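Numbering (UniProt numbering), first residue to last: 82 to 578.
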Ligand code: GDP
């Protein structure tokens, strides 16, 4: 098979500088230790503090995760407290475990970002993260990230998990944080419910009580609630940086705050063997031969930001040629006809739509009648793995392909992404690259500046809390601390820089 990177990274770095645990069986998850052979090595150092926090989390998960007696006890206590239970719960003890249960909503990019946000919250609050794979949403998609034989998937066979119908919980539920605060109760007070629902979907930003999740005193009170269930469609990591009691811990874990998703994403998300097989097959087909430079272009169209195909194609060309990501055909053609081109450029387009890669392929092929075209001293080949037409996030194979393409995007040397797309955020973050962002259309037209080189590789938190906990009134989350600013691609949002 065609080799991955020409220069094989230091074999000691299969653990990504200590980010990954060595305690896994390699064959159960080929991607875990092999992705490093395909992706450019991360130039971004990991703090030893983060490494030890991860190892500590792993031992917590080993002790408290599904299959352990601590887990069985915790579920039993939850059941005993439900309104129609006949038994009464035993009193809590010091080695009890607490949990954070994630639920799937929206597309895969959103899901990856909310799992990451939940994981960071779990790290900070000593909870065990469990994913509710509702309707098989996560089947054969990711490998287990934590060693030790437990799982991060909430057991499905546990049909009688005491918290029912988690997908239809909403902020108004009796056991939601919002309702508890509205009733003037203290979360986790003696005799209170052992579980609470935290509503962090984007519409939470209209409700102060939901947003108090990001306040110091609420955060402290929630420590006493053994089970938290949440739904979110947002990368709420920057919100955790707004909570003063986590400040010191976060700055030790992340001396560089713009690397949170880069590190946690590469720690958590290892494609399953099925998805890894898709990745390596595409890779060998597209990248293995033309390996001088790989350019990833992610093209996403949103209903709320309409633009015609031609207009968007023009924007992509404008951006990539202006920033010299792609060559301008004809201009330098004179020097390139003798012998081999000096540079092979492989362009990977990922999109639900096929038109953009077709046009790019035409552009570079028309020049030269070949499968790749020589423009000056560059040979450009254009590839697109799939063009599925529409989003179908309930379909397993659809999500597997989406993940394979995010991972391929992360093998690029330069990435061009679409503003506001969480799919793009995942690709750039795993790659560890600041992307060139195709800015959103204005009145159906490409903006004057077709793209911007982002200031950070961090995803944008599109719906940050408006509530300012200290002032107890609405404020501006982009002006509270120095390292959290309004997003370039979506000014209402905030991001870590
Ligand atoms: P966002 O909507 O751009 O923020 O990204 P999400 O990933 O949350 O949702 C979009 C979903 O549409 C993806 O998860 C995929 O299911 C699908 N999709 C969008 N773009 C692509 C693409 O380039 N390739 C594939 N395979 N699927 C895509």
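Note that beta-carbon positions come from the ideal geometry of N, C-alpha and C, so glycine has one too. Being a predicted model, the structure only gives us computed values, none of them experimental.
At a Cβ-Cβ threshold of 9 Å, residue 514 and residue 487 do not count as neighbours. Across the structure, residue 489 and residue 403 are spaced so that their CA atoms are roughly 24 Å apart. For residue 293 against residue 262, the beta-carbon gap comes to about 6 Å, under 8 Å, which counts as contact. Straight-line measurement puts the Cα of residue 136 at about 21 Å from the Cα of residue 115.
As the crow flies, the alpha-carbon of residue 275 is around 6 Å from that of residue 308. Taking the Cα positions, residue 478 is about 32 Å away from residue 339. Within the model, the alpha-carbon separation for residue 305 versus residue 155 is close to 14 Å.
Excluding the 5 residues flanking it on each side, residue 561 has same chain C-beta neighbours closer than 8 Å at 323 and 549, in chain order.
In the same chain as residue 345, and ignoring 5 residues on each side of it, the C-beta atoms closer than 8 Å to its own belong to 197, 200 and 201, in chain order. The alpha carbon of residue 132 has as its nearest neighbour, out of 501, 336 and 108, the alpha carbon of 336. Considering only 469, 405, 432 and 375, the residue with the shortest C-alpha distance to residue 425 is 375.
Distance from residue 120 to residue 504 at the Cβ level is roughly 17 Å; contact not present, criterion being Cβ atoms closer than 8 Å. Under the three-state reduction of DSSP, residue 555 is assigned to strand. Contact between residue 219 and residue 347 does not hold, since the beta-carbon distance rounds to 18 Å and is not under 8 Å. Annotation: the continuous alpha helix (DSSP H) that includes residue 482 extends over 477 to 490. The distance from the Cβ of residue 542 to that of residue 383 is about 18 Å, inconsistent with a contact at the 8 Å cut-off. When rounded, the separation of the alpha-carbon atoms in residue 567 and residue 501 is 13 Å. DSSP lists 179 as the beta-bridge partner residues of residue 208. In the structure shown, residue 573 adopts coil according to DSSP, grouped into three states. Closest by C-alpha distance to residue 228, out of 144, 524 and 363, is 144.
Contact check for residue 509 and residue 498: beta-carbon distance about 6 Å, within the 8 Å limit, so the pair qualifies.
Counting the other CB atoms within 10 Å of its CB gives residue 361 a total of 16 or more, which places it among the buried residues.
Under the DSSP assignment, residue 375 falls outside any alpha helix (DSSP H), being part of the beta strand (DSSP E) whose first and last residues are 374 to 380. For residue 358, the closest C-alpha among the options 485, 314, 381 and 473 is that of 485. The alpha helix (DSSP H) runs lying completely inside the stretch 86 to 150 and spanning 4 residues or more are 111 to 119 and 129 to 145, given in chain order. For residue 315 and residue 558, the gap between their C-alpha atoms comes out near 15 Å.
For residue 368, no pairing in a beta bridge is given by DSSP. Here residue 437 is near residue 397, since their CB atoms are less than 9 Å apart. Within 10 angstroms of the beta-carbon of residue 364 lie 16 or more other beta-carbons, which makes it buried.
According to the DSSP assignment, residue 440 belongs to the alpha helix (DSSP H) that extends over 436 to 447.
With contacts defined as CB atoms closer than 9 Å, residue 138 and residue 203 qualify as a contacting pair. Restricting attention to 134, 125, 101 and 95, the CA atom closest to the CA of residue 117 is found in 95. Residue state for residue 286 is assigned as helix, using DSSP reduced to three classes. Residue 292 carries a helical assignment under DSSP once its states are collapsed to helix, strand and coil. For residue 348, there is no enclosing beta strand (DSSP E); the enclosing alpha helix (DSSP H) covers residues 341 to 349.
Counting the other Cβ atoms within 10 Å of the Cβ of residue 184 gives 16 or more, which makes it buried.
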